[in-house]
Amino acid sequence: MKYLYLTATSIILAYLLVNLFVYFYQRNLLYNPSENNYLNDKINFDYQEIFIETDKNIKLKSWFINKDLNRFKTLVFFHGNAGNLLNRVHKLNELSKLDLNILLISWRSFSGNKGKPTEENLYYDAKQIVKWLKTQGLDNKDIVLYGESLGTGVAIELASKNNFGGIILESPFTSMVDAAKIYYPYLPVNLLLRDRYDSKIKIKNIKSPVLIMHGKMDNIVPQRMGLELFEKANNPKFGYFPEDDDHMMEYNSQLLNKIKLFINQI
């Protein structure tokens, strides 16, 4: 009996310690600025490297492909939870073929930036980026928000409170709680999580045109989450749900055509 008591106590203690670890280190698990899967892709586009001040002592390293702000819409690219600007070269190589200006920003602590990434900090920085674009003569209708994975939560937050030219969501998740339950089904993630990104609630408030892209082979964020967001989204909405793509979608001619058609329709 004593042995069973000690065993049960040890299990409960270990479980509590795991919960405490996840609670205090969850942002280290969620945001991975040091991860690098850059494949030495050749940069095939002209760009300016700029630093946009969003907060005191916070300047976000960004790449700006400025073709013509008066003629073309400007796509603001919010990247995912890992890697740096170089990790998106292959995407920009393809996106830069379209009649678009493109601003790719890096989050706090990413690409050598100062600061700590949190849900509220990312929202704040994204709002400041839009304000900066307005100093360049743009209105919201001239801006297309592009969210990649974690960046979809930021794009949805902004678009739920302001109308933009359009919103593109690549491999989106319904909420961080839903995503965390996949990886930590044994933890009370609904109680533990600080950064929640409740996209499935906020997307109902978006009035701008939306394009949702999500591959069926995604083994990080299941495609069913993208389909659920598509179901909840208001019209006009457009979808691209290929059978073979995984979380990092292939930027082939079919995907580029979907984006091009979307841009031309908004």
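Residues in the sequence shown are numbered consecutively from 1, following the working numbering. All C-beta atoms, glycine included, are put in the ideal place defined by N, C-alpha and C.
Residue closest to residue i, alpha-carbon to alpha-carbon, out of the options
i	options	result
residue 203	165, 194 and 158	158
residue 23	37, 190 and 258	190
residue 257	89, 161 and 211	211
residue 76	254, 264 and 142	142
residue 85	133, 117, 61 and 185	61
residue 252	97, 15, 154 and 31	97
residue 15	247, 186, 34 and 264	186
Cβ pair residue i, residue j closer than 8 Å
i	j	result
residue 168	residue 146	yes
residue 221	residue 179	yes
residue 166	residue 130	no
residue 121	residue 108	yes
residue 42	residue 52	no
residue 241	residue 214	yes
residue 81	residue 32	yes
residue 154	residue 124	no
residue 138	residue 74	yes
Where residue i falls, given that 16 or more other Cβ within 10 Å makes a residue buried
i	result
residue 200	buried
residue 91	buried
residue 249	buried
residue 188	exposed
residue 217	exposed
residue 11	exposed
residue 48	exposed
residue 18	exposed
residue 254	exposed
residue 112	exposed
task = Kindly provide the ranges of any alpha helix (DSSP H) runs that are 4 or more residues long and lie completely inside the stretch 131 to 164, ordered along the chain.
result = 150 to 159
key: Continuous beta strand (DSSP E) assignments of at least 3 residues falling wholly in the stretch 194 to 264   = 210 to 213 and 237 to 240
request  = Identify every run of the beta strand (DSSP E) within the stretch 27 to 97, keeping only runs that are complete inside it and at least 3 residues long; order them along the chain.
outcome  = 48 to 55, 58 to 65 and 74 to 78
ask   = Do the stretch 96 to 105 and the stretch 62 to 78 meet, that is, are 3 or more Cβ pairs less than 8 Å apart?
value = yes
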